[in-house]
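Written out below as structure tokens is the structure these notes cover.
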Amino acid sequence: MTKPKEEVIKEFNLLNNMTVEELQAWLDDPKSKAAGTGAGFESGHRIVEILKKNPTKDPEKYDDEDIEHMRKVVR
1 MTKPKEEVIK EFNLLNNMTV EELQAWLDDP KSKAAGTGAG FESGHRIVEI
51 LKKNPTKDPE KYDDEDIEHM RKVVR
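Residue numbers (full-length UniProt numbering): 1 to 75.
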């Protein structure tokens, strides 16, 4: 069963424990590239985009692509 959009957004925002600046700094550090898979690195950049686009975490401001990526993060 697919989680409702509202639940996905809530979980994503609870799991995200870094500011945009902290996450971007980590992704810019060469150590981050060695810490996991390329998919995880790409996901981190997508999360930065989502956080920058909607800094107030207003559920109405996430588009379908944002929700789709959030689903991948919280599953």
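Here a beta-carbon is modelled for each residue, glycine too, at the ideal position from N, C-alpha and C.
Source: prediction; values computed, not measured.
Coil, strand or helix - residue i by DSSP
i, result
"Pro55", "coil"
"Asn16", "coil"
"Met1", "coil"
"Asp66", "helix"
"Asp28", "helix"
"Arg71", "helix"
Cα-Cα separation, residue i to residue j
i, j, result
"residue 77", "Asp29", "Nothing can be reported for residue 77, as the shown portion of the chain is limited to 1 through 75."
"Ala34", "Glu22", "18 Å"
Chain-order list of residues whose beta-carbon lies under 6 Å from that of residue i (same chain, five-residue window excluded)
i, result
"Leu51", "Val20"
Whole-Å CB distance - residue i paired with residue j, under 8 Å assumed
i, j, result
"Lys57", "Asn13", "5 Å"
"Pro59", "Ile9", "5 Å"
Other residues of its chain near residue i: CB distance less than 8 Å, five sequence neighbours each side excluded
i, result
"Ser43", "His69, Lys72 and Val73"
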